[in-house]
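Letter 28 of the sequence shown, counting from 1, is numbered 28 in UniProt numbering, and no numbers are missing.
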Amino acid sequence: MIEVRGLSKQYGDVRAVDDLSFDVRPGIVTGFLGPNGAGKSTTMRMILGLDAPTSGTALIDGVAYRSMKDPLFKVGTLLDAKAVHPNRRAIDHLTWVAQSNGIKKSRVGEVLHLVGLTGVAKKKAGGFSLGMGQRLGLATALLGDPEILILDEPVNGLDPEGIRWVREFLRGLASEGRTILVSSHLLSEMSQTADHLVVIGKGKLVADCSTYSFIKENSKSTVIVRSSDNERLRLGLEQQGIVVRTEVDEEGRPLLLIDNFQTDQVGAVAFQHQIALYQLSERQASLEDAFMEMTNHAVQYQATERESN
1 MIEVRGLSKQ YGDVRAVDDL SFDVRPGIVT GFLGPNGAGK STTMRMILGL
51 DAPTSGTALI DGVAYRSMKD PLFKVGTLLD AKAVHPNRRA IDHLTWVAQS
101 NGIKKSRVGE VLHLVGLTGV AKKKAGGFSL GMGQRLGLAT ALLGDPEILI
151 LDEPVNGLDP EGIRWVREFL RGLASEGRTI LVSSHLLSEM SQTADHLVVI
201 GKGKLVADCS TYSFIKENSK STVIVRSSDN ERLRLGLEQQ GIVVRTEVDE
251 EGRPLLLIDN FQTDQVGAVA FQHQIALYQL SERQASLEDA FMEMTNHAVQ
301 YQATERESN
């Protein structure tokens, strides 16, 4: 479990992280979201002891990362996939990391296989594509078979198959009871990967809840209706104080749209007025819709402030 309490980081006049507190629990994938410049990477670096906080604490199973005796057996990290010497072969890089941290050599072959790099193990890292570099970074994070993973943009540069593999792999690790903290700018992918979200803006916590709750509470769903008599149905709905919008579909057919309403309630009104329904469906809001609604103020802030994310 990761526990962040009152974490702050000041760079001159800029408050990059501001009194941030949250938990990352085992057994689920926790997504870490925020606009560029929100303080995500700075927070991850403080959790890992790479940056000293101005105030507050970040503990991993009750211990600061810097105090861990063999951290790679406890925590696997991916913050910068490019942090590999370009002239070093993938297998040599992993072997060096393993040997310097007391990890058995056989684990190198295992992680190369896990991330799909066995065939290019003897290729120099400098010749890797962005996606291959991400896979090598993930292999490095997995070397110690850690209980906790902290990953910054792990699917960056991966093709759709690779992205799906990372999603299934992370969810599989979480199902084993491991603790997973992962950031990503691919919100559609995060909605399929993360069970829980920690969202920050301007360095402050703006949401800490399940992915489902975040979408439901910060965006609207829309009921879409096409009937035998749209005008009479619209009047019937409006008589009950329901706000109705009109639209046409791609075939030019008129539709009624009702935000934040239940389909069965619309069906009941149609039944009451003996109106046949040809279409009654619900357009679900996306994580991207909810994210933009919640963090709009932080996006505006990003236009005037320049800071590391």
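All residues carry an ideal CB built from backbone N, CA and C; glycine is no exception. This structure is a prediction, so every number in the text was calculated from the model and none was measured.
Would you list the one or two residues that DSSP bridges to Phe22? As a first step, residue 22 is located in the sequence shown; it is residue number 22 there, counting from the start. In the DSSP secondary-structure assignment, Phe22 is bridged to Val4.
Fully enclosed by the segment 43 to 125, which beta strand (DSSP E) runs are 3 residues long or longer? Secondary structure within the segment 43 to 125: the beta strand (DSSP E) runs of 3 or more consecutive residues, fully enclosed, are 55 to 60 and 75 to 78 (chain order).
Answer with buried or exposed for Gln300, where buried requires no fewer than 16 other C-beta atoms within 10 angstroms of its C-beta. As a position in the sequence shown, residue 300 is number 300, starting the count at 1. The predicted position of Gln300 is uncertain, since its pLDDT is 39 and thus under 50; a value taken from the coordinates is nonetheless stated next. By the neighbour-count rule (16 or more Cβ atoms within 10 Å), Gln300 is not buried but exposed.
Start and end of the alpha helix (DSSP H) containing Arg234? One-based indexing of the sequence shown puts residue 234 at position 234. First-last of the alpha helix (DSSP H) with Arg234: Asn230 to Glu238.
Could you pull out every residue in the same chain whose Cβ sits closer than 6 angstroms to the Cβ of residue 331, ignoring the five residues on either side in sequence? What the structure shows of the chain is the stretch from 1 to 309, and residue 331 is not part of that stretch, so it cannot be assessed.
Integer-rounded CB distance, given that Ile47 should sit under 8 angstroms from Val4: The count along the sequence shown starts at 1 and reaches residue 4 at position 4. The count along the sequence shown starts at 1 and reaches residue 47 at position 47. Between Ile47 and Val4 the Cβ distance is about 7 angstroms, and since that is below 8 angstroms, they are a contact.
Sequence ranges, beta strand (DSSP E) only - wholly within the segment 130 to 211, length at least 3: Complete beta strand (DSSP E) runs here, min 3: 148 to 152, 179 to 183, 196 to 201 and 204 to 210.
State the DSSP-derived secondary structure class of Ala38, mapped to helix, strand or coil. For the purposes of this step, residue 38 is taken as residue 38 along the sequence shown, with counting starting at 1. Looking at Ala38 - three-state DSSP - the assignment turns out to be coil, as it is neither helix nor strand.
Exposed unless 16 or more other CB atoms sit within 10 angstroms - verdict on Glu189: Position 189 of the sequence shown, counted from the start, is the residue given in the question as residue 189. Classification of Glu189: buried, given that the 10 Å Cβ count is 16 or more.
Reduced DSSP secondary structure (H/G/I, E/B, other) of Asp259: Against the sequence shown, residue 259 aligns to sequence position 259. Three-state DSSP puts Asp259 in a strand.
The beta strand (DSSP E) with Gly31 in it runs from where to where? For the purposes of this step, residue 31 is identified with residue 31 of the sequence shown, where counting begins at 1. First-last of the beta strand (DSSP E) with Gly31: Val29 to Leu33.
Between the segment 210 to 217 and the segment 263 to 276, are three or more C-beta pairs nearer than 8 angstroms? The segment 210 to 217 vs the segment 263 to 276: no contact.
Compare the beta carbon distance of Leu158 and Gly131 with 8 angstroms and say whether it is the shorter of the two. As a first step, residue 158 must be located in the sequence shown, where it is residue number 158. As a first step, residue 131 must be located in the sequence shown, where it is residue number 131. In this structure, Leu158 places its C-beta atom within 8 angstroms of the C-beta atom of Gly131.
Find the nearest neighbour of Pro154 within the set Gly133, Leu173 and Pro146, judged by alpha-carbon distance. On the sequence shown, position 154 is the one that residue 154 refers to. Cα-wise, what sits closest to Pro154 is Gly133.
What do you get for Ser106, buried or exposed, if any count of 16 or more other CB atoms within 10 angstroms of its CB means buried? Numbered from 1 along the sequence shown, position 106 holds the residue referred to as residue 106. Label assigned to Ser106: exposed.
Count the other CB atoms within 10 Å of the CB of Phe271; is the residue buried (16 or more) or exposed (fewer)? Your numbering for residue 271 matches position 271 in the sequence shown. Exposed, by the Cβ-count rule.
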